[in-house]
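Going line by line, the protein sequences match chains V and W. Residue numbering for the first sequence follows this note's numbering, beginning at 1 and increasing consecutively. Residue numbering for the second sequence follows this note's numbering, beginning at 357 and increasing consecutively. A quick write-up on the structure given underneath.
2 protein chains.
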Amino acid sequence: MIHNDYYTQETHGPYEMYNLGDFQLEEGGIIPDCQLAYRTFGALNESKDNLIVIPTWFSGTSKDWEAYIGEDRALNPKKYFIVVINQIGNGLSSSPHNSPASISMNAFPHVRISDDVRAQYQLITEKYGVTEIALVVGGSMGAQQTYEWAVRYPEMVKRAAPIAGTAKNTDHDFLFTQTLMDAITSDPGFNEGNYTSHTDVAEGLKRHADIWAVMGLCPDFYNEEKWRLFGVNSVTEFTEEFLQPLFQAMDPNALLTMAWKWQRGDVSRMTNGNLKEALGRIKAKVFVMPIDEDMFFPPKDCEKEQKMISNSELRMIRSICGHFGLFGAEGAYYYDQIDAHLQDLLNEHVSEKQME
Amino acid sequence: MIHNDYYTQETHGPYEMYNLGDFQLEEGGIIPDCQLAYRTFGALNESKDNLIVIPTWFSGTSKDWEAYIGEDRALNPKKYFIVVINQIGNGLSSSPHNSPASISMNAFPHVRISDDVRAQYQLITEKYGVTEIALVVGGSMGAQQTYEWAVRYPEMVKRAAPIAGTAKNTDHDFLFTQTLMDAITSDPGFNEGNYTSHTDVAEGLKRHADIWAVMGLCPDFYNEEKWRLFGVNSVTEFTEEFLQPLFQAMDPNALLTMAWKWQRGDVSRMTNGNLKEALGRIKAKVFVMPIDEDMFFPPKDCEKEQKMISNSELRMIRSICGHFGLFGAEGAYYYDQIDAHLQDLLNEHVSEKQME
Numbered sequence: 001m002i003h004n005d006y007y008t009q010e011t012h013g014p015y016e017m018y019n020l021g022d023f024q025l026e027e028g029g030i031i032p033d034c035q036l037a038y039r040t041f042g043a044l045n046e047s048k049d050n051l052i053v054i055p056t057w058f059s060g061t062s063k064d065w066e067a068y069i070g071e072d073r074a075l076n077p078k079k080y081f082i083v084v085i086n087q088i089g090n091g092l093s094s095s096p097h098n099s100p101a102s103i104s105m106n107a108f109p110h111v112r113i114s115d116d117v118r119a120q121y122q123l124i125t126e127k128y129g130v131t132e133i134a135l136v137v138g139g140s141m142g143a144q145q146t147y148e149w150a151v152r153y154p155e156m157v158k159r160a161a162p163i164a165g166t167a168k169n170t171d172h173d174f175l176f177t178q179t180l181m182d183a184i185t186s187d188p189g190f191n192e193g194n195y196t197s198h199t200d201v202a203e204g205l206k207r208h209a210d211i212w213a214v215m216g217l218c219p220d221f222y223n224e225e226k227w228r229l230f231g232v233n234s235v236t237e238f239t240e241e242f243l244q245p246l247f248q249a250m251d252p253n254a255l256l257t258m259a260w261k262w263q264r265g266d267v268s269r270m271t272n273g274n275l276k277e278a279l280g281r282i283k284a285k286v287f288v289m290p291i292d293e294d295m296f297f298p299p300k301d302c303e304k305e306q307k308m309i310s311n312s313e314l315r316m317i318r319s320i321c322g323h324f325g326l327f328g329a330e331g332a333y334y335y336d337q338i339d340a341h342l343q344d345l346l347n348e349h350v351s352e353k354q355m356e
Numbered sequence: 357m358i359h360n361d362y363y364t365q366e367t368h369g370p371y372e373m374y375n376l377g378d379f380q381l382e383e384g385g386i387i388p389d390c391q392l393a394y395r396t397f398g399a400l401n402e403s404k405d406n407l408i409v410i411p412t413w414f415s416g417t418s419k420d421w422e423a424y425i426g427e428d429r430a431l432n433p434k435k436y437f438i439v440v441i442n443q444i445g446n447g448l449s450s451s452p453h454n455s456p457a458s459i460s461m462n463a464f465p466h467v468r469i470s471d472d473v474r475a476q477y478q479l480i481t482e483k484y485g486v487t488e489i490a491l492v493v494g495g496s497m498g499a500q501q502t503y504e505w506a507v508r509y510p511e512m513v514k515r516a517a518p519i520a521g522t523a524k525n526t527d528h529d530f531l532f533t534q535t536l537m538d539a540i541t542s543d544p545g546f547n548e549g550n551y552t553s554h555t556d557v558a559e560g561l562k563r564h565a566d567i568w569a570v571m572g573l574c575p576d577f578y579n580e581e582k583w584r585l586f587g588v589n590s591v592t593e594f595t596e597e598f599l600q601p602l603f604q605a606m607d608p609n610a611l612l613t614m615a616w617k618w619q620r621g622d623v624s625r626m627t628n629g630n631l632k633e634a635l636g637r638i639k640a641k642v643f644v645m646p647i648d649e650d651m652f653f654p655p656k657d658c659e660k661e662q663k664m665i666s667n668s669e670l671r672m673i674r675s676i677c678g679h680f681g682l683f684g685a686e687g688a689y690y691y692d693q694i695d696a697h698l699q700d701l702l703n704e705h706v707s708e709k710q711m712e
């Protein structure tokens with residue numbers, strides 16, 4: 001267990017902890033007293049049918065969703081009980097740097113998207129006693145979890161909105177994620193995961209950030225100097241004063257835990273590798289929402305999956321920020337698109353047939 | 357000077373050497389007895405108007421062009437005198453590993469695209485006494501050199517075909533290239549460029565290859581298992597048995613010399629940064645030939661430049677291999693497209709106006 005100032009409520013806003021007890025992992029091993037950090041907005045109604053679940057993305061936390069939620073938004077806390085749940089390994093929930101010695105640092109076990117979703121299921125059923133979820137929505141790895149939710153608990157999930165992510169990760173995306181991981185593990189300071197401070201791995205985290213600069217945005221983001229949206233005045237400032245410090249504040253083992261999970265996101269694990277069968281299980285109304293300029297969850301890949309989901313629509317998000325569109329740097333231009341689609345989705349009548 | 361078996365005629369086919377003498381570089385410094393390795397096909401005709409110049413791409417050599425040239429192709433050695441010139445720093449021409457001590461290894465000076473093109477100009481004017489070039493064609497960094505040729509020597513270049521490359525490198529592409537370079541220089545075995553063998557940098561070269569696996573191909577290349585085109589049976593074989601050994605055979609300083617040059621390719625250096633003015637100088641008929649799935653010289657960027665060239669056409673190349681389409685793994689499907697466009701271009705009448 002090592003200290004890292006980044007993973008605090010000062011940085012990430014308020015959150016509560018839920019103790020799952022000893023949590024069994026799909027790959028074997030347990031996380032003793034597994035903790036989920038979660039943040040709620042609004043309140044559960046009497047009929048317990050107004051729950052919205054939001055899982056987090058790679059390197060992200062519940063903080064990222066503040067801007068998506070508001071009384072003037074589709075994700076309206078006056079109407080819905082919104083629970084943003086930090087994925088395991090993200091630094092707030094149980095993670096390599098904050099776990100007991102037996103599973104600390106490089107001894108932290110492999111976690112899968114399915115583990116996250118089972119953990120989230122345990123939280124919301126045990127703590128709130130709900131049997132249906134009005135909407136699961138998430139971006140990137142949050143989209144992977146959203147798909148996992150809809151396939152694993154089809155009776156429970158009424159609506160799902162995976163943004164900028166896939167149900168089954170592609171080989172190309174796997175290779176991309178590997179370059180992110182190798183940038184970190186190749187730093188001699190990483191010391192096979194047993195560094196004494198994340199700052200020992202500053203160079204590896206820098207290279208990790210620099211690969212994000214290429215794949216996380218897109219050519220036109222730079223052509224049109226859209227880094228200005230991030231409050232910087234040059235490409236160099238964007239990489240050196242935004243991206244690099246962002247990732248250098250994080251825990252290397254946390255990033256690796258999430259990346260390993262991301263690489264293997266695949267709902268067809270529930271159906272012996274048959275993706276069509278897995279997506280065929282979904283009963284929710286699904287809006288598949290790729291970002292048009294996304295370089296590693298490209299619209300084409302998302303659309304292929306959308307076509308395998310019976311009650312679904314493709315709702316394209318426009319963002320010159322590519323995958324990093326999720327950060328919402330474009331402000332209203334971006335959030336208004338998300339809102340419009342989510343509002344349409346929430347307005348969808350969930351038929352008796354689906355409710356069966 | 358260190359030995360590397362890769363940079364031999366056994367590996368790269370026959371080539372000759374031309375000694376430029378002491379070659380002055382734009383960034384300062386000279387390469388003493390600067391050598392250009394070049395390979396010729398066909399013969400110069402009496403009117404000396406059948407010359408085709410082909411500069412090489414990043415990490416490539418004259419060998420790569422064998423498959424593009426043939427009596428059944430547009431690049432027909434029975435009709436044209438074709439000279440493929442290896443760029444400075446590519447391991448065959450003057451390069452860090454084969455240069456005299458004063459500029460050996462990490463003492464090798466910075467070379468620019470403009471230096472290459474001036475060196476190539478010296479070779480073909482001094483040795484062959486030509487005053488016009490029927491066609492300059494090149495891929496990737498070869499396209500950068502092609503643009504440089506057309507802008508720098510507008511009276512001389514009658515036709516130009518930049519394939520999968522730009523006249524002015526983009527910021528996004530610069531950042532991508534930087535990740536390739538950092539993968540190499542971060543290897544402790546690199547030793548700031550003064551390794552004793554390129555094998556000392558095997559890990560860095562592996563990571564360099566792995567980034568190529570992401571950006572050099574494209575998502576659908578993997579989705580559709582097109583690595584089979586490269587004679588392998590899995591993604592793992594593609595990376596571990598094709599890409600990694602390919603780059604691990606090369607000299608790290610050579611790759612860095614080329615990458616530095618690639619990052620800064622920009623014809624507008626000749627016009628105080630005014631790209632439109634630079635491209636406006638071109639008198640050649642130009643076919644701009646992006647590859648549709650190219651992730652770092654995307655068609656959009658190429659088309660923008662094409663529109664600034666008065667006598668030009670956009671001729672899109674289809675390849676699911678993305679930038680690596682240049683390797684021609686798709687065989688006739690790829691080469692026939694190249695041929696058709698180059699034949700159209702070579703058939704273009706070069707008007708008196710252009711010839712002035």
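Cβ coordinates follow ideal geometry from the N, Cα and C atoms, glycine included.
Closer than 7 angstroms at the beta carbon, the chain V residues around residue i
i                     : result
residue 532 (chain W) : 214
residue 567 (chain W) : 179
residue 591 (chain W) : 171
Contacts of residue i in chain W (Cβ-Cβ under 9 angstroms)
i                     : result
residue 186 (chain V) : 539, 542, 543, 559, 560, 563
Rounded C-alpha distance that separates residue i from residue j
i                     : j                     : result
residue 65 (chain V)  : residue 626 (chain W) : 48 angstroms
residue 641 (chain W) : residue 477 (chain W) : 19 angstroms
residue 80 (chain V)  : residue 202 (chain V) : 41 angstroms
residue 110 (chain V) : residue 551 (chain W) : 37 angstroms
residue 369 (chain W) : residue 614 (chain W) : 21 angstroms
residue 254 (chain V) : residue 648 (chain W) : 37 angstroms
residue 9 (chain V)   : residue 43 (chain V)  : 21 angstroms
residue 388 (chain W) : residue 1 (chain V)   : 58 angstroms
residue 368 (chain V) : residue 661 (chain W) : This structure cannot speak to residue 368 (chain V), because chain V is shown only from 1 to 356.
residue 673 (chain W) : residue 654 (chain W) : 11 angstroms
residue 117 (chain V) : residue 142 (chain V) : 10 angstroms
residue 310 (chain V) : residue 244 (chain V) : 42 angstroms
residue 108 (chain V) : residue 191 (chain V) : 15 angstroms
Within 8 angstroms, strictly: CB atoms of residue i and residue j
i                     : j                     : result
residue 681 (chain W) : residue 423 (chain W) : no
residue 238 (chain V) : residue 209 (chain V) : no
residue 169 (chain V) : residue 260 (chain V) : no
residue 441 (chain W) : residue 392 (chain W) : yes
residue 314 (chain V) : residue 350 (chain V) : no
residue 308 (chain V) : residue 256 (chain V) : no
residue 222 (chain V) : residue 527 (chain W) : yes
residue 217 (chain V) : residue 321 (chain V) : yes
residue 323 (chain V) : residue 164 (chain V) : yes
Selected residue, minimal CA-CA separation from residue i, among the options
i                     : options                    : result
residue 4 (chain V)   : V:141, V:58, V:153, V:198  : V:198
residue 332 (chain V) : V:48, V:70, V:55           : V:70
residue 575 (chain W) : V:157, V:283, V:166, V:149 : V:166
residue 397 (chain W) : W:389, W:406, W:391        : W:406
residue 486 (chain W) : W:469, W:408, W:365, W:671 : W:408
residue 11 (chain V)  : V:337, V:249, V:191        : V:249
residue 402 (chain W) : W:556, W:484, W:563        : W:484
residue 177 (chain V) : W:570, W:459, W:500, W:546 : W:570
residue 144 (chain V) : V:316, V:341, V:38, V:57   : V:57
residue 544 (chain W) : W:580, W:608, W:447, W:589 : W:608
residue 100 (chain V) : V:184, V:30, V:322         : V:30
residue 597 (chain W) : W:562, W:567, W:630        : W:562
residue 175 (chain V) : W:568, W:547, W:650, W:556 : W:568
residue 691 (chain W) : W:495, W:384, W:667, W:377 : W:495
residue 515 (chain W) : W:668, W:540, W:658, W:404 : W:668
residue 54 (chain V)  : V:72, V:34, V:123, V:102   : V:123
residue 90 (chain V)  : V:193, V:59, V:204         : V:59
residue 330 (chain V) : V:296, V:225, V:300        : V:225
Interface partners of residue i on chain W, CB under 7 angstroms
i                     : result
residue 191 (chain V) : Residues of chain W passing the Cβ test: none, with the nearest at roughly 13 angstroms.
Contact set between residue i and chain V, taken where Cβ atoms lie within less than 8 angstroms
i                     : result
residue 657 (chain W) : 219, 223
Original post:
Per the contact definition of three or more C-beta pairs closer than 8 angstroms, is the segment 429-439 of chain W in contact with the segment 576-595 of chain W?
Top reply: Because the criterion of three Cβ pairs below 8 angstroms is not met, the segment 576-595 of chain W and the segment 429-439 of chain W do not touch.
Original post:
How do the segment 338-351 of chain V and the segment 129-139 of chain V stand: do at least 3 beta-carbon pairs fall below 8 angstroms, yes or no?
Top reply: Yes: at least three Cβ pairs fall under 8 angstroms.
Original post:
Is the segment 146-158 of chain V touching the segment 498-516 of chain W in the sense that three or more CB pairs, one from each, lie closer than 8 angstroms?
Top reply: With the rule of 3 Cβ pairs closer than 8 angstroms, the segment 498-516 of chain W does not count as touching the segment 146-158 of chain V.
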